[in-house]
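S.K.:
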Amino acid sequence: QANGAPDLMITDVEMPHMDGFTLIDRCRQSDMNMPILVVSSRLSEEWGKEAERLGANDYLNKGFSTPELVNRVKACLER
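Under the numbering used here, the sequence shown is numbered contiguously, ending at residue 110.
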């Protein structure tokens, strides 16, 4: 993007130092409008709804194939 912001962010929910939900919330509070794709090995329906509520565009459970990831990234970038 022209302003130096990333075109897309892919984040896990469980990370050291800061969880993905906090990261999404901070990005959105900072007016960063890039698409966000969340991945997690424990992404429950509740976590998916929370990610969506915070402004994530999509989420994937770990174990996805490379083509599935590529398709989801393309879909996020087309929005």
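Note that the Cβ used here is the ideal one computed from N, Cα and C, for glycine as well.
#1: Pick helix, strand or coil for D62, following the three-state DSSP scheme.
#2: What do you get for L108, buried or exposed, if any count of 16 or more other CB atoms within 10 angstroms of its CB means buried?
#3: Relative to the alpha-carbon of V104, which residue among R84, I67, G79, S71 has its alpha-carbon at the smallest distance?
#4: Here's a check: name, in chain order, each residue in its chain whose Cβ is nearer than 8 Å to the Cβ of E81, leaving out the five neighbours to either side.
#5: Kindly indicate which three-state DSSP category D89 falls into: helix, strand or coil?
M.R.: According to the structure data:
#1: coil
#2: exposed
#3: I67
#4: F52
#5: strand
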